[in-house]
DNA sequence: TTTTCAGTGGGCAACCTGACCAGTGATACG
DNA sequence: CGTATCACTGGTCAGGTTGCCCACTGAAAA
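Chains as they are written, first to last, in full-length UniProt numbering: chain A, 1 to 163; chain B, 1 to 163.
Below you can see the structure in the form of structure tokens.
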């Protein structure tokens, strides 16, 4: 967890990749105004650093036929955490699961084919012994989709001496 | 929002890309046992469909120096929604923002440099006129990181006649 | 002063891409 | 029952890109 400092060049690399992910190292080096070897080395380092985890395809659940998103807060019976995790892992509609502070709770992101279908998903999720209570919030709008660039830029400013 | 049906071949393409995002169309066609043109056409269609939104780099906030994640539920004063959105958009630590059913609320994902730093971020977020109340849950563990493959596979089974 | 490191600019063969094309089998349609 | 349409195959082609190598420079650390 140590020297993962990001400088401005790294920030520009990430921002560029976010905007046009399909460009290669050569094109990248041209846009950045550095040598190809430099771009290559930086990119390699960002990946082995773990700053860039990968380039997996971003799949839109809505386009797959799952336009409804919801967040469910779960209250778990003492000591049943592991079982609940295992159970939720088997439900494809559970896109994400976190354990949180608060009332020994979990928070999970769900998708469904429709509001009606959401009922089925919720039943699937909470129809499990270790779950005491669940409260669900249906997402209406998503004014800020998952983003990272502003944070990258701030990190680059904070750490980077130059580029 | 119509014919975005995914068949098994599409499912395999997405799964393959998720596992090894850097492979090209040629290698992909070899692994899938289809002609290159087919793989290319499928991939193009998945992208213009919007099923695959892109291949942006997945950046790990922890590696950037933001190891703390939290979810904040915000209660907004009537009619102030737009202002709050605009405000939250300017905060880099806000990674994601949703408006949800419930008490006319919003849910946002935050990151911070430390638990102490989270206080600063929360102050930044809620120190805004339109926000009436906020409750924050700090993420401890992430048993299921954001995933899509299980859903893709289910969608492929449901829709696809073959591959 | 010397070592180390990041970056530069260049060159090379091997490979991949995007763009074509003709041919085939299945399906839908008049 | 022909026939158009569509997805797929398997092939070619030029041009661009990758991964790898090298020698050289400048700055910072030892």
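We treat Cβ as the ideally placed atom computed from N, Cα and C, and that holds for glycine.
Return the chain-ordered list of same chain residues with a C-beta closer than 6 angstroms to the C-beta of residue i, the five sequence neighbours on each side being excluded.
i: residue 151 (chain A); result: none
i: residue 98 (chain B); result: 107
i: residue 168 (chain A); result: The structure shown has nothing for residue 168 (chain A), since chain A only spans 1 to 163.
i: residue 128 (chain B); result: 87
Determine the direct distance from the alpha carbon of residue j to that of residue i, and round the result to whole angstroms.
i: residue 48 (chain A); j: residue 62 (chain B); result: 14 angstroms
i: residue 59 (chain A); j: residue 59 (chain B); result: 16 angstroms
i: residue 14 (chain A); j: residue 5 (chain A); result: 14 angstroms
i: residue 100 (chain B); j: residue 147 (chain B); result: 22 angstroms
i: residue 84 (chain B); j: residue 91 (chain B); result: 11 angstroms
i: residue 123 (chain B); j: residue 54 (chain A); result: 32 angstroms
i: residue 176 (chain B); j: residue 73 (chain B); result: The structure shown has nothing for residue 176 (chain B), since chain B only spans 1 to 163.
i: residue 149 (chain A); j: residue 110 (chain B); result: 14 angstroms
i: residue 69 (chain A); j: residue 31 (chain A); result: 38 angstroms
i: residue 33 (chain A); j: residue 33 (chain B); result: 40 angstroms
i: residue 132 (chain A); j: residue 19 (chain B); result: 36 angstroms
i: residue 44 (chain B); j: residue 17 (chain A); result: 19 angstroms
i: residue 96 (chain A); j: residue 142 (chain A); result: 17 angstroms
i: residue 57 (chain A); j: residue 23 (chain A); result: 15 angstroms
I'd like the list of long-range same chain contacts for residue i, defined as Cβ closer than 8 angstroms, with 5 residues on each side in sequence excluded.
i: residue 35 (chain B); result: 29
i: residue 65 (chain B); result: 113
i: residue 105 (chain A); result: 73, 74, 75, 76, 99
i: residue 21 (chain B); result: 55
Helix, strand or coil: which one does DSSP assign to residue i?
i: residue 54 (chain A); result: strand
i: residue 25 (chain A); result: helix
i: residue 159 (chain B); result: helix
i: residue 117 (chain B); result: helix
i: residue 7 (chain B); result: coil
i: residue 137 (chain B); result: strand
i: residue 15 (chain A); result: helix
i: residue 2 (chain B); result: With a pLDDT of 42 at residue 2 (chain B), under the threshold of 50, the predicted position of this residue should be treated as unreliable, though the coordinate-derived value follows. Coil at residue 2 (chain B), not helix or strand.
i: residue 146 (chain A); result: coil
i: residue 96 (chain A); result: strand
i: residue 40 (chain B); result: helix
i: residue 75 (chain B); result: strand
i: residue 60 (chain A); result: coil
i: residue 126 (chain B); result: helix
With a threshold of 9 angstroms between beta-carbons, can residue i be considered close to chain B, or not?
i: residue 79 (chain A); result: no
i: residue 64 (chain A); result: yes
i: residue 7 (chain A); result: no
i: residue 111 (chain A); result: yes
i: residue 207 (chain A); result: Only positions 1 to 163 of chain A appear in the structure, and residue 207 (chain A) is not among them; the question remains open.
i: residue 59 (chain A); result: yes
i: residue 108 (chain A); result: yes
Could you tell me whether the Cβ of residue i comes closer than 9 angstroms to any Cβ of chain A?
i: residue 105 (chain B); result: yes
i: residue 44 (chain B); result: no
i: residue 152 (chain B); result: yes
Say the cut is 8 angstroms; is the CB of residue i nearer than that to a heavy atom of the ligand NAP?
i: residue 69 (chain B); result: The ligand NAP is not among the ligands present in this structure, which contains no ligands whatsoever.
What does a CB cutoff of less than 7 angstroms around residue i pick up in its chain, not counting 5 residues either side in sequence?
i: residue 103 (chain B); result: 75
i: residue 40 (chain B); result: 25
i: residue 1 (chain B); result: Legend: pLDDT at residue 1 (chain B) = 44, less than 50; position of this residue unreliable, value from coordinates given subsequently. Contacts found: none.
Legend entry - Contacting positions in the stretch 13 to 40 of chain B - beta carbon closer than 8 angstroms to chain A: 14, 17, 18, 21, 22
Legend entry - Residues within the stretch 113 to 144 of chain B neighbouring chain A, beta-carbon criterion of under 8 angstroms: 137, 138, 139, 140, 141, 142, 143, 144
Legend entry - Where the stretch 72 to 103 of chain A meets chain B: residues whose CB sits under 7 angstroms from a CB there: 85, 88, 89, 92, 93, 94, 95, 96, 97, 98, 99, 100, 101, 102
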